[in-house]
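>
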Amino acid sequence: KMQMQLKQKEELGEALHEVDFQQLKIENAQFLEKIDERNQDLLQLKLTVGNTLQILNFYKRKLHYATAMATYLVKDIAQRKESLEKIAHEAIFVEEERLKAEILNKKLRRQLAEYKVPPVLNYVHEKMAVHDLENSL
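Residue 53 in full-length UniProt numbering sits at position 53 of the sequence shown, with consecutive numbering throughout.
1) Where GLU37 and ASN28 are concerned, what is the direct C-alpha to C-alpha distance, given to the nearest angstrom?
2) Once DSSP output is grouped into helix, strand and coil, what is the label at VAL117?
3) To the nearest angstrom, report how far apart LEU133 and PRO119 are at their CA atoms.
4) Taking the C-alpha atoms as reference points, what is the distance between GLN3 and GLN40?
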């Protein structure tokens with residue numbers, strides 16, 4: 001009786017093995033199809049990542065250039081402000097000097113206008129007096 005059950009189990013087992021094998025083949029084919037789909041998705045994602053990295057690198061370079069330009073412009077603005085301050089101080093100094101020169105010019109013109117040349121005859125008499133004094137020494 002036991003042998004009969006064992007024989008039935010073996011026959012049933014072989015049949016089950018064949019059904020299981022077919023089922024496994026179907027499942028394997030489905031899994032291979034899914035793997036292929038996933039590989040295609042992965043390839044597409046890799047391409048997308050590559051494109052995204054190129055775009056990212058482009059914008060990084062652009063940002064680096066913009067940052068460098070901003071730094072340069074900040075320094076340039078600071079230098080120009082400094083130059084402008086120096087020019088403003090120099091303009092104030094020059095204006096003060098101009099005012100001093102104008103006052104001196106007015107003073108000298110006034111002195112020139114008020115100056116009276118002594119008569120020539122007085123000059124000749126003084127010159128003769130100096131000459132006589134020199135001779136007496």
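Just so it is clear, CB atoms sit at the ideal spot from N, CA and C, and this is done for glycine as well.
The structure says:
1) 14 Å
2) coil
3) 22 Å
4) 54 Å
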